[in-house]
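Beneath this line is the structure, given in structure tokens, with notes to follow.
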Amino acid sequence: MPEAAATSETLPRFTYPEARRDESVVEEFHGVKIADPYRWLEDPDAAETQAYVEKQNEISKPFLDTCPEWKKLNEKLRKRWNYPKYSCPFKHGNKYFFFMNTGLQNQDVLYVQDKLDGEPKVFLDPNTLSTDGTIALVGSRFSDDGKLYAYGLSQSGSDWTKLKIRNVETGEDFPETIEHTKFVTASWTKDNKGFFYARYPVVDGKADGSETAANENQKLYYHRVGESQDKDVLIAEFPEEPSWRLMPEVSDCGKYLMLFIMKGCKDMLLYFSNLEKAGTLDAKLDFVKVVTEFDSDYDYVTNEGNIFSFRTNKGAPNYRIVNIDFEQPEMEHWKTLVPEHPKNVLDWTTCVNKDRIVLGYIDDVKSMLVVHSLADGSFVSKFPLEIGTVAGFSG
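Per UniProt numbering, the sequence shown runs over residues 1 to 395.
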């Protein structure tokens with residue numbers, strides 16, 4: 001016999017906490033007044049907010065703890081997720097690395113081995129850095145020679161990170177800690193002596209990811225390995241644009257520093273500086289503006305001399321590959337290397353073997369990989385993939 005349908009008599013009754021309405025919070029946008037009576041709930045540290053959340057938990061936790069359906073669902077999900085997971089191996093210097101999770105570890109573990117068929121050893125295990133497993137590895141980058149590893153640590157899901165530097169050979173960390181960083185990845189200079197990164201000014205109050213105030217006035221710095229953060233060199237700042245977020249990227253040849261600038265979740269500006277002409281990194285750099293309007297995205301692929309290849313949706317909703325001559329960066333001089341596909345979205349691109357580019361497309365709901373020539377953009381080959389999703393690539 002089918003189970004009886006739930007009725008209002010059989011369902012549990014809850015008395016939800018009443019949320020205070022603050023009718024005084026009204027803002028005007030483009031001539032329209034918008035009320036926000038629950039703005040007070042945006043302050044997670046306020047006693048009133050914490051009391052409200054606690055009352056909600058007093059309802060939800062006992063219900064979930066005694067709910068047989070929830071227990072069955074949780075058990076089934078744990079069983080299906082409990083299997084070893086590996087990343088693609090990647091090489092830096094003369095060593096190979098990969099991430100692996102035994103099944104239900106809170107964080108993936110980074111392993112190292114001397115050869116592809118060598119014995120893997122733990123290089124960095126974030127699970128050992130906290131008792132509850134909530135410290136995560138974010139924004140990591142190896143130096144060009146593979147001897148140093150700059151990695152960010154985030155606690156309890158916070159966007160704020162602290163950067164550390166590890167000696168690959170010894171497995172030991174350098175003494176300095178880079179703080180006040182958010183959404184950051186270090187970009188190493190080719191001499192392996194240091195890296196560029198962006199950080200926010202020190203502000204009063206909490207900075208653990210639960211604060212709701214906007215972060216402003218991010219600045220670009222250069223850090224030399226082994227020195228304290230207070231000796232870092234200010235490379236660029238834009239006080240007239242406090243909402244800009246700065247993302248540095250040193251070119252593959254090491255001669256240029258690209259600066260990608262965002263103020264939202266998409267669209268960016270593109271500046272660059274010639275590091276060879278700059279000489280020693282002991283002062284602010286001069287930047288050349290390439291893209292000056294927030295209307296498209298740009299993803300650096302590689303460069304040959306002053307010819308830079310980017311994946312972009314500028315004039316191409318499905319994305320294309322364009323070449324920009326940094327000696328003539330004006331848009332009228334841009335050249336399309338690989339045109340936009342009429343149907344498939346170009347999801348990512350990477351350079352391999354110095355003369356090929358691998359393009360990862362989304363073809364309906366499956367992944368498609370094709371190889372083109374870096375020299376002229378001509379088609380070379382297509383990977384014979386079955387239906388599925390490419391979850392990782394290294395080369």
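No residue lacks a Cβ here, since even glycine has one placed at the ideal position from N, Cα and C.
Predicted model only: the values in this text are computed from it and were never measured.
Item checked: Residue(s) in a DSSP beta bridge with Glu-27 -> The bridge partners DSSP lists for Glu-27 are Ile-34.
Next item on the list: Report the option in Tyr-197, Asn-167 and Asp-355 whose CA atom is closest to the CA atom of Pro-175.
Entry: Out of Tyr-197, Asn-167 and Asp-355, Asn-167 has the C-alpha closest to the C-alpha of Pro-175.
Notebook entry, point to check: Using the beta-carbon count (16 or more within 10 Å), is Tyr-16 buried or exposed?
Noted result: With fewer than 16 other CB atoms across the displayed protein chains lying within 10 angstroms of its CB, Tyr-16 is exposed.
Check: Just the Cα atoms here: how many angstroms apart are Ser-373 and Asp-36?
Finding: A direct Cα-to-Cα measurement between Ser-373 and Asp-36 gives close to 55 Å.
Notebook entry, point to check: Buried or exposed: which applies to Asp-114, given that a residue is buried once 16 or more other Cβ atoms fall within 10 Å of its Cβ?
Noted result: Exposed.
Notebook entry, point to check: What residues match up with Ala-198 in a beta bridge as DSSP calls it?
Noted result: Beta-bridge pairing links Ala-198 to Leu-220.
Next item on the list: Mind checking which residues open and close the alpha helix (DSSP H) that includes Val-53?
Entry: Run containing Val-53: 47–65, per the alpha helix (DSSP H) assignment.
Next item on the list: Could you tell me how far apart the beta carbons of Val-109 and Phe-99 are, in whole angstroms, since I believe they sit closer than 8 Å?
Entry: Confirmed, about 7 Å.
Check: Relative to the C-alpha of Val-225, which residue among Asp-117, Ile-178, Phe-63 and Phe-260 is closest?
Finding: The shortest C-alpha separation from Val-225 is found at Ile-178.
Next item on the list: Can you have a look at Asp-376 and say buried or exposed, based on whether 16 or more other CB atoms are within 10 angstroms of its CB?
Entry: So Asp-376 counts as exposed.
Check: To which residues of the same chain is Tyr-271 closer than 6 Å at the C-beta, ignoring the five residues directly before and after it?
Finding: Excluding five sequence positions before and after Tyr-271, the CB atoms of its chain that fall closer than 6 Å to its own CB belong to Leu-259, Phe-287 and Lys-289, given in chain order.
Item checked: Alpha-carbon to alpha-carbon, Glu-119 and Asn-106 -> Rounded to whole angstroms, Asn-106 to Glu-119 spans 24 Å at the Cα level.
Notebook entry, point to check: Taking the alpha-carbon positions, what's the Val-352 to Asn-323 distance?
Noted result: Taken atom to atom, the span from the alpha-carbon of Val-352 to that of Asn-323 is near 17 Å.
Item checked: 6 Å CB neighbourhood of Lys-85 in its chain, flanking five on each side removed -> Counting only Cβ-Cβ distances below 6 Å, and skipping sequence neighbours, we find Asn-101.
Margin query: So within the segment 140–168, which uninterrupted alpha helix (DSSP H) runs reach at least 4 residues, ignoring any that extend past its ends?
Written below: Secondary structure remark: continuous alpha helix (DSSP H) runs of at least 4 residues inside the segment 140–168: none found.
Item checked: Those residues which DSSP pairs with Lys-121 across a bridge -> According to DSSP, which records beta bridges pairwise, Lys-121 is partnered with Val-112.
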